[in-house]
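Heads up: the protein sequence lines correspond to chains W and Y, in order.
If you read the first sequence in the numbering used here, its first letter stands for residue 262, the second for the next number, and so on.
If you read the second sequence in the numbering used here, its first letter stands for residue 3, the second for the next number, and so on.
The C-beta atom is built at its ideal place from N, Cα and C for all residues, glycine as well.
Nothing here was measured: the structure is a model prediction, and the numbers come from that model.
Since the structure comes first, as structure tokens, the remarks are kept for the end.
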Amino acid sequence: MLSSRLPDALRYRLYRSSALLGLAVVTASLGGACGDDVTDGSGGEGGASSSSSSSVGGAGGEAGGSEAYDWGLPPGYPKPRVPADNPMSAAKVELGRRLFYDTRLSGNQTQSCASCHEQALAFTDGLAVSVGSTGEQTPRSSMSTVNTGYLSSLTWANSNLSSIAIESGLLLETQAMVPLFGEDPVELGLSGMDEVMLERLRAEPVYQAAFPAAFPDESDPFSLQSVLYALAAFQRSILSYRSAYDRYNYGGDPTALSASALRGRELFFGERLECFHCHGGFNFSDSVAHEGTTFDEVMFHNNGLYNVGGTGDYPEDNTGLYELTGVPSDMGRFRAPSLRNIALTAPYMHDGSIATLSEVLDHYAAGGRTIETGPYAGDGSQNPYKSELIAGFTLTEEERADVLAFLESLTDEALLTDPRWSNPWKE
Amino acid sequence: MLSLAAGAVGSSLLSACGDDHSHSHDGEGGGVVDPSISDVVFEGGATDEALEALIAKGATTDATQGTRFLTPTAGAVIDPSSPVVFTWAVGQASGRAPLAPRGRGTRLARRAPSLVERVVGATLGVRTAHAHGTPIDGRAYFLVFRTESNPRLLRVFTTRLDYTPSAEAWAKLTGEGGGPITAEITGAIFEQNRIPQDGGPWLGEATSFEFAV
Numbered sequence: 262m263l264s265s266r267l268p269d270a271l272r273y274r275l276y277r278s279s280a281l282l283g284l285a286v287v288t289a290s291l292g293g294a295c296g297d298d299v300t301d302g303s304g305g306e307g308g309a310s311s312s313s314s315s316s317v318g319g320a321g322g323e324a325g326g327s328e329a330y331d332w333g334l335p336p337g338y339p340k341p342r343v344p345a346d347n348p349m350s351a352a353k354v355e356l357g358r359r360l361f362y363d364t365r366l367s368g369n370q371t372q373s374c375a376s377c378h379e380q381a382l383a384f385t386d387g388l389a390v391s392v393g394s395t396g397e398q399t400p401r402s403s404m405s406t407v408n409t410g411y412l413s414s415l416t417w418a419n420s421n422l423s424s425i426a427i428e429s430g431l432l433l434e435t436q437a438m439v440p441l442f443g444e445d446p447v448e449l450g451l452s453g454m455d456e457v458m459l460e461r462l463r464a465e466p467v468y469q470a471a472f473p474a475a476f477p478d479e480s481d482p483f484s485l486q487s488v489l490y491a492l493a494a495f496q497r498s499i500l501s502y503r504s505a506y507d508r509y510n511y512g513g514d515p516t517a518l519s520a521s522a523l524r525g526r527e528l529f530f531g532e533r534l535e536c537f538h539c540h541g542g543f544n545f546s547d548s549v550a551h552e553g554t555t556f557d558e559v560m561f562h563n564n565g566l567y568n569v570g571g572t573g574d575y576p577e578d579n580t581g582l583y584e585l586t587g588v589p590s591d592m593g594r595f596r597a598p599s600l601r602n603i604a605l606t607a608p609y610m611h612d613g614s615i616a617t618l619s620e621v622l623d624h625y626a627a628g629g630r631t632i633e634t635g636p637y638a639g640d641g642s643q644n645p646y647k648s649e650l651i652a653g654f655t656l657t658e659e660e661r662a663d664v665l666a667f668l669e670s671l672t673d674e675a676l677l678t679d680p681r682w683s684n685p686w687k688e
Numbered sequence: 003m004l005s006l007a008a009g010a011v012g013s014s015l016l017s018a019c020g021d022d023h024s025h026s027h028d029g030e031g032g033g034v035v036d037p038s039i040s041d042v043v044f045e046g047g048a049t050d051e052a053l054e055a056l057i058a059k060g061a062t063t064d065a066t067q068g069t070r071f072l073t074p075t076a077g078a079v080i081d082p083s084s085p086v087v088f089t090w091a092v093g094q095a096s097g098r099a100p101l102a103p104r105g106r107g108t109r110l111a112r113r114a115p116s117l118v119e120r121v122v123g124a125t126l127g128v129r130t131a132h133a134h135g136t137p138i139d140g141r142a143y144f145l146v147f148r149t150e151s152n153p154r155l156l157r158v159f160t161t162r163l164d165y166t167p168s169a170e171a172w173a174k175l176t177g178e179g180g181g182p183i184t185a186e187i188t189g190a191i192f193e194q195n196r197i198p199q200d201g202g203p204w205l206g207e208a209t210s211f212e213f214a215v
């Protein structure tokens, strides 16, 4: 059984540095085809921005059967990269959808993935930080699971997950273990209960058909690996490509964007605001890989959110990449999230500490946030580790409205109610 | 057969752009703009790398992916005294003409740009050649205006779905002296300045107009 090989390091403190070795070892045991030569303990250097050639590449995507699977994407739109070991199929995606919405995936059967990743909120939870099944708070804010199939790194700041992406492509497969089994904090609270969970699933008539349909080659389709693989396939299928911006930019519909949003687009992609350097490309993030890309760009930046006591520090429980690497210049460095559906995913930043998009613009315009009083007081614009691209700018009121109109045009209304990704247990 | 057709359309595209597209990329890498596109006006952050990719690939026709002009209407007789806005849509994307943009383009033609406009214009607005900006993700359009005698009267490469000629460009169009002007768009979908397999390019429906004398 896969579970019996899970090292303790994976079971505990998954957000913390000891997860470093653990995650690498787990990937090695998932999908033996690619994982045998994963190097461990390379986290120290992994801390820096890395751009490595990938062993997955186009071959993984094609061998993964993505050709046959219908993503539903319009022509010319990039397709997610699929790991060779976990090809897409409609049956697997459907099983993953069931699991994503199934509270049997939590120890006390009160929560599912969807509890913190709600479709109506573009698969976030609307909270500054999330609350797990036993009431524990996560240190960081929930992230959208939309377009995660395009990412070369997952979560706010985890360079180990990036290494996994490069080694095997089993990024979403591995990441799902964190909410399932993590103990610091407890999210779904299944640590040590994987057999209990599988028993619950075996007893469900829907699954008695769905697991074998999704994994026809497995002698025992009911395994932890199947759960992780199906969840990953479902998440890979959740794609945002129908926003007003997409209708203009990919669909060629001139009525999709207002004149104001169009002006905002030019500001966003211009050198005065610099946004596009970190939130560029079709997915509005600089940590993106898709079918056909040969490089995995993984970038982490300090955008001047804190400067506790003028030392450059971020609050102790949320230091970003530094938490994993201990490298001083990694203080406060986080992944630039995709800005798709950003108008729906407030509050903003890794700790949900900015309430509105207008205040996000204030933060960037000032070149960093100043906190006047309290334990985190300090002028973020003076943070010595801040990216040089966060230099500040001025916007007229009209221009501010234009940038906001542009950001709002990234909302994909169709995604929010698309039945392919809704709760199947309610049907 | 398919490839034959594509080749035929492709060569008609090339002939519209002149015959000297030999694509010798000896100047590549040093930021040197291919002299054969040095006349092109770049708008909306469009890049010369993307244009080179578009020109290098033969265009096909596909009613769902090609563009249609919305304004001016085919055969329109236009008052030459002030620039008109050219607008288009892909396939059946939109039957309606968009509201005339009250954006910078229109205003620029009439009065001196403000400081802000000049700063923005310098990075993203109207540029001629040397457009090594942000790589394009999404559609971009190569708009060619021609007359019987001048196949490259005015050429524009843009990521927008509208184009308002600058005073200089307008003078080129109106200076031709009578006779119909044909406008034709070749569009493609880009991924970081490159055209993916299913990204075109597609040749749109041409339109023509004349100036009132």
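Residues of chain W with a CB under 8 Å from the CB of residue i: which are they?
i                : result
isoleucine 191/Y : Pro336, Gly337, Tyr338, Tyr511
aspartate 92/Y   : The residue asked about is misnamed: residue 92/Y is valine in this sequence, not aspartate. The contacting residues are Gly512, Gly513, Asp514.
proline 198/Y    : Gly337, Pro339, Gly553
aspartate 164/Y  : Pro515
glycine 201/Y    : Pro336, Gly337
threonine 89/Y   : Pro515
Quick one: which chain W residues come within Cβ less than 7 Å of residue i?
i            : result
alanine 76/Y : What alanine 76/Y touches in chain W: nothing, since even the nearest Cβ is about 17 Å away.
Around the C-beta of residue i, are 16 or more other C-beta atoms found within 10 angstroms, so that it is buried, or is it exposed?
i                : result
arginine 157/Y   : buried
glutamate 633/W  : exposed
glutamate 688/W  : exposed
tryptophan 686/W : exposed
asparagine 152/Y : exposed
proline 203/Y    : buried
arginine 463/W   : exposed
glutamine 398/W  : exposed
threonine 166/Y  : buried
valine 217/W     : In the structure displayed, chain W extends from 262 to 688; residue 217/W sits before or after that span and is not available.
aspartate 481/W  : exposed
glutamate 674/W  : exposed
glutamate 54/Y   : buried
glutamate 193/Y  : buried
threonine 1/Y    : Any property of residue 1/Y remains undetermined from this structure, which presents chain Y solely from 3 to 215.
glutamate 658/W  : exposed
valine 718/W     : Within the shown structure, residues of chain W are numbered from 262 to 688, placing residue 718/W beyond reach of any answer.
glutamine 199/Y  : exposed
proline 440/W    : buried
alanine 173/Y    : exposed
Spatial neighbours of residue i within its chain, please: CB distance less than 7 Å, with the 5 preceding and 5 following residues excluded, ordered by chain position.
i                   : result
alanine 474/W       : Ala352
serine 582/W        : The question names serine, but residue 582/W in the sequence shown is leucine. Only Gly308, Ala418, Ser420, Phe561, Asp591, Arg594 meet the Cβ criterion.
phenylalanine 667/W : Ala522, Gly525, Arg526, Phe529
threonine 406/W     : His378, Phe384, Gln496, Ile499
Give the interface partners of residue i over in chain Y, defined as CB-CB distance under 8 Å, in chain order.
i                   : result
phenylalanine 543/W : Asp139, Gly140, Glu193
phenylalanine 537/W : Thr136
With DSSP as the reference, please indicate the residues paired to residue i in a beta bridge.
i               : result
valine 549/W    : Leu412/W
threonine 89/Y  : Thr73/Y, Asp164/Y
arginine 594/W  : Gly581/W
glutamate 212/Y : Val79/Y
aspartate 574/W : Val569/W
histidine 562/W : Phe595/W
tyrosine 609/W  : Ile615/W
For residue i, go through chain W and note every residue whose CB falls closer than 9 Å to its CB, in chain order.
i             : result
threonine 2/Y : Beyond the ends of chain Y as shown, which are 3 and 215, falls residue 2/Y; an answer cannot be given.
Given residue i, which residues of its chain have a CB within under 8 Å of its CB, disregarding the five upstream and five downstream residues?
i               : result
threonine 136/Y : Gly47, Thr49
valine 467/W    : Arg359
serine 210/Y    : Ala76, Gly77, Pro182, Ile183, Thr184, Ala185
When the cut-off is 7 Å and only beta carbons count, does residue i lie next to chain C?
i                   : result
phenylalanine 595/W : Given the protein chain composition of this structure (W and Y), no chain C is represented.
In chain order, what residues of the same chain lie with their CB nearer than 6 Å to the CB of residue i, ignoring the 5 residues before and after it?
i               : result
glutamate 535/W : Leu650
glutamine 370/W : Thr364
glutamate 207/Y : Arg70
glutamate 514/W : The displayed chain sequence assigns aspartate, not glutamate, to residue 514/W. Answer for aspartate 514/W: Arg508, listed in chain order.
glycine 628/W   : Ser642, Ile651, Ala652, Gly653
threonine 678/W : none
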